[in-house]
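First up is the structure itself, then whatever we jot down about it.
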Amino acid sequence: MQRTFRVCPNKSGFERNGSGLKAEKQGNRRKQKTVYGICGILLILALLPLLLRSNRQTDIQAEVLFLGDSLIGQYRDETSIPWLVSRQTGMTVFNGDFGGTTMSQQNREGQDAFYWNGLSFSQLAKAAAAQDFGGQQTIRTKDYVTMHFGDIVDELDRLDFSSVRTLVVSYGMNDYTTGSPIRNPDNPEDTYTMEGAMRAGIRFLRQSYPSLRIIFVSPTYCWFLNSEEGARSNCENRDFGGGYLEEYVEAQRGVAQECGVEFLDLYHEYYPHENEADWNLYTEDGVHPNEAGRQKMAETLAAYLQNL
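Residue numbers for the sequence shown follow our numbering, so the first one is 145 and each next one is one higher.
And the structure:
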C-alpha cells in the first residue's frame, strides 16, 4: 500500500520564513543602492576635471605663447619683445613671462608662502597640459613689482591652448644667479634642477600637445654692475654656486637635443662683450635688454619663428 504523507506546515512558521525572505530582499536592495551610489560618486569625481575643463572660459587666442622670466617678459607694452614679435610676424602672441622665476623649482625648504615654485617652468607646463591653473590662482603677492602676476595667471587660465602653435620658453638666467643645480645624476627629472625641470615640463606638454612646436631660448651674455665703477664682473667669471652661465646654456642645448625640441642660442656671439662698456649697447642694467636690445631680440625671434 502506498502511503501518502501530507505535510501540514505551521502557519506561523510560514509567516516567519516569508518575513525573513522579504527582509533579506530589502537588505539586498539597500546594498545595491549603496553600491550604485558609491559608484556614481566615484564616476562624478572621475569626470569632474573634464566637466570643469568643459566649463572653462577660453576667450583668449594666441598662436605663440611665451613662458619665461623677465629677460623677455620684463616689459609688457608696445616695446616689449612679444609685442614686437607679433608686429613683425603678424602672429598673435601671449606674454606669459613672470620676472624672477626659474626653470627649476626653488622651494627646497618647503616654506608655506613660497610662490615661486608654482611659476617655475615644470609647474606651468603641468598646469598648461592639464588646463588647470588652480594652484597658480592661489598665488598673490603684495610686492608692487609682481602684483600683475595674478592678472597673467587669470589670462593664462582663459587661454585657448588649442590655438597655440608655438611655445617659446626662456628661462635660465635666474637658475644661474640663484645657484640652482644644473642636474641630478640620480634623477634625470628632478624638478629642483634645471635639466630635470626642463625634461619634466617637456614631457607634460608632449603628452597633451604632441604637435606643439617648442623652442627654448637661451639667456644672453650678462654683466653685474657696480653703480660707480660700471661692469664689475660678468657671467664668464662669476659663479653663484651652480656653475657659470655658459654651463647652463649648454645644459639647455643638450636637453633640447635629447628631447627633440628646438634651441635658439642667444648667448654665443650675440651681444658684443670685448670691452667693459659693451654692457650698455643692448642692456639697461647688464642683464635686462634696453630698447635696442629688445628690438634686436624681437627681430631674431621673428626671423626664427618664420623660418620653419
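The beta-carbon is built from N, C-alpha and C at its ideal position, and this holds for glycine as well.
Item	Value
Status (buried if at least 16 other CB within 10 Å, exposed otherwise) for His412	exposed
Cβ shell of Pro416 (< 7 Å), same chain only, five flanking positions each side left out	Asp422, Leu425
Where Phe277 falls: helix, strand or coil (DSSP)	coil
Completely contained beta strand (DSSP E) runs for the stretch 361–414, where each covers 3 or more residues	367–370, 374–378, 406–408
Whole-angstrom distance between Arg376 and His292, CA atom to CA atom	32 Å
Rounded C-alpha distance that separates Ile283 from Gly240	15 Å
Per-residue burial, Gly437 [other beta carbons within 10 Å of its own, 16 or more giving buried]	buried
CA-to-CA distance, Ala273 to Asp298, given in whole angstroms	16 Å
8 Å Cβ cutoff met for Leu228 and Val308	no
Outcome for Arg343 when other beta-carbon atoms lying within 10 angstroms are tallied against a minimum of 16	buried
Buried versus exposed call for Gly212 [16 or more other C-beta atoms within 10 Å across all chains shown]	buried
Buried versus exposed, by CB contacts within 10 Å (16 or more), Gly404	exposed
DSSP beta-bridge partners of Ser314	Gly212
Asn419 to Phe368 span [Cα, whole Å]	14 Å
Where the beta strand (DSSP E) containing Gly240 begins and where it ends	237–241
Under 8 Å between C-beta atoms of Gly323 and Gly243	no
8 Å Cβ cutoff met for Thr335 and Arg327	no
Beta carbon of Gly316 nearer than 8 Å to that of Val393	yes
Range covered by the alpha helix (DSSP H) that runs through Ile296	293–302
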